[in-house]
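Notes to accompany the following structure.
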Amino acid sequence: MNGALSAGRQLPDSNRNIKLFTMTTETISLIKSSIKSIPDYPKPGILFRDVTSLLEDARAYHATIQLMFEHYKNMGFTKVVGTEARGFLFGAPLAIELGIGFVPVRKPGKLPRPTIAESYELEYGVDTLEIHSDAIVAGDKVLVVDDLLATGGTIEATTKLIRQLGGIVEHATFVINLPEIGGEKRLVEQGLKIYSICDFDGH
1 MNGALSAGRQ
11 LPDSNRNIKL
21 FTMTTETISL
31 IKSSIKSIPD
41 YPKPGILFRD
51 VTSLLEDARA
61 YHATIQLMFE
71 HYKNMGFTKV
81 VGTEARGFLF
91 GAPLAIELGI
101 GFVPVRKPGK
111 LPRPTIAESY
121 ELEYGVDTLE
131 IHSDAIVAGD
141 KVLVVDDLLA
151 TGGTIEATTK
161 LIRQLGGIVE
171 HATFVINLPE
181 IGGEKRLVEQ
191 GLKIYSICDF
201 DGH
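In this text, residue positions in the sequence shown follow full-length UniProt numbering: the first is 1, and each later residue adds one.
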């Protein structure tokens, strides 16, 4: 992270060789290889892409945030919105790099101030997300961040929340995209431009 690394706090000796990353095959391989695949989790037949293993790798984590920063640094965003929970882990450091505020979108009952809510369908049921009603002001240009794009349901709901508050949201970014599930197509139909770092096959 450009700003974070230059601002006084030093990296441990073992990590001081972290370099500036660009979108190359080598960088994508570094990030993708740091993501562990867990079979039959959380249920049989699912191959779970575990982004927490990426977080444990300082170089891969740094490269991920830097690629997002380089992609979006000149687009004039005023807020970053991250979805619970792993979206916080990428959205907050990206907001710091962009020099703008971070807004969390959470499950019901987790935010202390007045909120608005949006429900969305799951495979078996309905879930709901909330955002502080004063966190976005009319005209805010918002970037939405999450770790993984599968069905797109949470990001579609997040986008609706932002737009209800008068925010402008046209971009969403992810570490992982699972194209076969169809979430990218769903979000494009909602008027979003998608930037993801790694595509993985399957579910």
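Every residue gets a Cβ at the ideal spot worked out from N, C-alpha and C, and that includes glycine.
Counting Cβ pairs, one atom from each stretch, are 3 or more of them under 8 angstroms apart for the segment 55-62 and the segment 19-36? Enough Cβ pairs lie closer than 8 angstroms, so yes.
Under a CB-based cut-off of 8 angstroms, is Thr151 close to chain C? Here chain C cannot be found, since the structure has a single protein chain.
Residue 209 - containing beta strand (DSSP E), residue span: Coverage of the chain is limited to positions 1 through 203, which leaves residue 209 absent and any answer about it impossible.
Pick out whichever of Asp127, Arg86, Ala95 has its Cα sitting closest to the Cα of Gly109. Nearest C-alpha to Gly109 among Asp127, Arg86, Ala95: Asp127.
Please report the straight-line C-alpha distance between Cys198 and Ile35, rounded to a whole angstrom. Cys198 and Ile35 have their C-alpha atoms spaced approximately 10 angstroms apart.
Where does Ser37 fall in DSSP's three states? Residue state, collapsed to three classes: strand.
Could you give the uninterrupted runs of the beta strand (DSSP E) lying entirely in the UniProt domain "Phosphoribosyltransferase" (54-175), keeping only those of 3 residues or more? Entirely contained in the UniProt domain "Phosphoribosyltransferase" (54-175), the beta strand (DSSP E) runs reaching 3 residues are, in chain order, 79-83, 101-105, 115-122, 125-132, 141-149.
For the segment 158-170 and the segment 134-146, state whether three or more C-beta atom pairs, one from each stretch, are separated by less than 8 angstroms. Counting Cβ pairs under 8 angstroms, three or more are found: they touch.
How about the segment 100-109 and the segment 179-191: do they share at least three Cβ pairs that are nearer than 8 angstroms? No, because fewer than three Cβ pairs between the segment 100-109 and the segment 179-191 fall closer than 8 angstroms, the two stretches do not touch.
First and last residue of the uninterrupted alpha helix (DSSP H) at Asp187: In the sequence as displayed, the identity of residue 187 is Leu instead of Asp. Per DSSP, Leu187 belongs to the alpha helix (DSSP H) from 183-189.
Drop a sphere of 10 angstroms on the beta-carbon of Lys73, count the other beta-carbons inside from all chains shown, and report buried for 16 or more, exposed for fewer. Burial is judged here by how many other beta carbons sit within 10 angstroms of a residue's own beta carbon; Lys73 has fewer than 16 and is exposed.
Those residues which DSSP pairs with Ile194 across a bridge: Per DSSP, Ala172.
Assuming Leu178 is part of the beta strand (DSSP E), what are its boundary residues? Per DSSP, Leu178 is not a residue of any beta strand (DSSP E), being assigned neither H nor E.
Please determine, among Leu55, Leu129, Val175, Leu143, the residue with the shortest C-alpha to C-alpha distance to Gly153. If we check each option's Cα against that of Gly153, Leu129 comes out closest.
Can you tell me the Cα-Cα spacing of Val51 and Pro114, whole angstroms? Answer to the nearest angstrom: the Cα atoms are 31 angstroms apart.
What's the call for Thr25, buried or exposed, on a 16-neighbour Cβ count within 10 Å? Classification for Thr25: exposed.
Is Val137 near the ligand GDP - that is, is its Cβ less than 7 angstroms away from at least one heavy atom of it? No copy of the ligand GDP appears in this structure; indeed no ligand is present at all.
Same chain, Cβ closer than 8 angstroms to Ile116, neighbours up to 5 away in sequence not counted: By the criterion of a C-beta distance shorter than 8 angstroms, Ile116 is surrounded in its chain by Glu130, Ile131, Ser133, Leu161, Gln164, Leu165, once the five residues flanking it on both sides are discounted.
Given that a residue counts as buried once 16 or more other Cβ atoms are within 10 Å of its Cβ, and exposed if not, what is Pro93? Label assigned to Pro93: buried.
Which term fits Ala150, buried or exposed, when burial requires 16 or more other beta carbons within 10 angstroms of its beta carbon? By the neighbour-count criterion, in which a residue is buried when 16 or more other Cβ atoms sit within 10 angstroms of its Cβ, Ala150 is buried.
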